[in-house]
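In my numbering, each residue carries its 1-based index in the sequence shown increased by 4.
For glycine and all other residues, C-beta sits at the position ideal for the given N, C-alpha and C.
Predicted model, so just to flag it, every value in this text is computed and none were measured.
Okay, structure first, notes after.
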Amino acid sequence: MADSFSLPRLAGLAAAGVLAFGLAGCSGTDASSGGSGGADSGFSLVKADTLTVCTGDSPPNIFYDENNELTGVEIDLADALATELDLQVQLAEYAFAGLIPALQAKQCDVIMGSLYIKPEREEIANFVPYLYSGTAVAVSQENPKGVTGFDQTLCGTKVVVITGATGAVEAENKSKECVDDGEAPVEITYVDEGTNAVQQVLVGQADAFIDTSEIVDFYHVESDGELEMAGEPFGKIKIGAATLKDDAALNEALDEAFQALIDDGRYQAILEEWGVQSADITAGDA
């Protein structure tokens, strides 16, 4: 039954809240002091000898495991990049809509939080692309409104999305399209993390959830099939590590570190471990 559905606890994603976790033995340097990125690195860091990463909730890329520890594809990539740069890692966790403001406020050095690389974001930040992603529509197994995908069957339905995510923009665009075609608009509800969105669909408060295809696949497994993908993924796009425009040296260092992960096979090994080989950024342009 949908009302008995229980997901692993993905705690702490309040829009104003932030939790920090040391993955590799954080240094005790005060964040306000700043610090060097290492000898001749050419970049500075929020904390000396530590790569502080703004991240969030976007399974299977980032989520809490049964031990209440952050894990996932992007967590492993962050750890590997830091290792290549001879740095420790500290994660700063935010709701998705808070990621870019946190970077701008210099609460972290880089965003690794399933952030799509879009022109408007490239005006704010430099990116190191490291994964491909797509967008998908999720419905309950019962699918009472008969939603068949990202199409006109969404008109007049209740759709839940994550604030600030691409799924929210897609839902807004679809609603305008419905109205232009003389049909009922999409009623959109905004939430801060995926667990809430999935629960709304499974208990019938929402008819569909629009987000990344990876998230939909993850929750399909976690819900034992109670959540399903409607139609096919669309809008394949790159996601990557975002750094501030005035921090070009860090962007270059991360780019070189990522290339090293590709060259020695660590990147492909991480993708294989999580079963997301289709997200391989080296497989060619979308």
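If we ignore side chains and look at the alpha-carbon of each, how far apart do residue i and residue j end up?
i    : j    : result
D267 : E276 : 16 angstroms
G46  : A96  : 23 angstroms
E73  : F67  : 8 angstroms
E127 : E256 : 17 angstroms
L85  : S62  : 19 angstroms
S227 : V205 : 12 angstroms
C112 : D184 : 42 angstroms
V93  : S48  : 15 angstroms
K162 : P133 : 33 angstroms
G153 : L81  : 31 angstroms
S217 : E236 : 9 angstroms
T167 : E176 : 12 angstroms
T56  : K149 : 44 angstroms
M90  : T75  : According to the sequence provided, residue 90 is Asp. The question's Met does not apply to it. Going from the Cα of D90 to the Cα of T75 covers about 20 angstroms.
F100 : F262 : 23 angstroms
D251 : I115 : 13 angstroms
C2   : Q156 : Look at the range of the chain in this structure, 5 to 290, and you will see that residue 2 is not part of it.
G269 : I192 : 42 angstroms
D215 : E174 : 9 angstroms
I274 : I79  : 10 angstroms
T199 : N147 : 18 angstroms
L123 : V280 : In the sequence as displayed, the identity of residue 123 is Pro instead of Leu. Roughly 25 angstroms between the two C-alpha positions.
In chain order, what residues of the same chain have a beta carbon less than 6 angstroms from the beta carbon of residue i, not counting five sequence neighbours either side?
i    : result
V220 : A140, A142 and M233
W278 : P64 and V77
K178 : L158 and V190
E187 : C159
Y223 : V202 and L231
A253 : G46 and F47
Q272 : none
On a Cα-Cα basis, can you pick out the residue from the options that is closest to residue i?
i    : options                   : result
L248 : D90, N71, L74 and F131    : F131
L119 : V183, T170, D90 and Q156  : T170
D83  : E218, L265 and Y136       : L265
R125 : G117, I104 and L89        : I104
K110 : R270, K122, G150 and A129 : A129
E88  : E174, M116 and D259       : D259
E197 : I115, V225, V165 and K180 : V165
V151 : A210, D90, F262 and V225  : A210
C58  : T75, L107 and V50         : L107
Given a threshold of 16 other Cβ atoms within 10 Å of its Cβ, counted over all protein chains shown, does residue i qualify as buried or as exposed?
i    : result
T54  : buried
E70  : exposed
A172 : buried
A245 : buried
G60  : buried
G117 : buried
K180 : exposed
K51  : buried
V225 : exposed
G26  : With a pLDDT of only 34 at G26, under 50, the local geometry of the prediction cannot be trusted, and no value is derived from it.
For the putative contact between residue i and residue j, defined by C-beta atoms under 8 angstroms, what is the C-beta separation to the nearest angstrom?
i    : j    : result
G138 : F213 : With 8 angstroms as the limit, G138 and F213 do not qualify as a contact, their Cβ atoms being about 15 angstroms apart.
V207 : A201 : The pair is not a contact, with the Cβ atoms about 11 angstroms apart (cut-off 8 angstroms).
Only counting the same chain, and skipping five residues up and downstream in sequence, which positions put a Cβ closer than 8 angstroms to that of residue i?
i    : result
Y136 : K240, I241, K242, I243, S282, A283, D284, I285, A287 and A290
A43  : The predicted model places A43 with a pLDDT of 41, which falls under 50 and marks its position as unreliable, so this point remains unresolved.
Excluding sequence positions up to five away, which residues of its chain have a Cβ less than 7 angstroms from the Cβ of residue i?
i   : result
Y98 : V22, C58, G60 and A106
C30 : Confidence is the limiting factor: at C30 the pLDDT is only 31, short of 50, which leaves the residue's position unreliable and the question unanswerable from this model.
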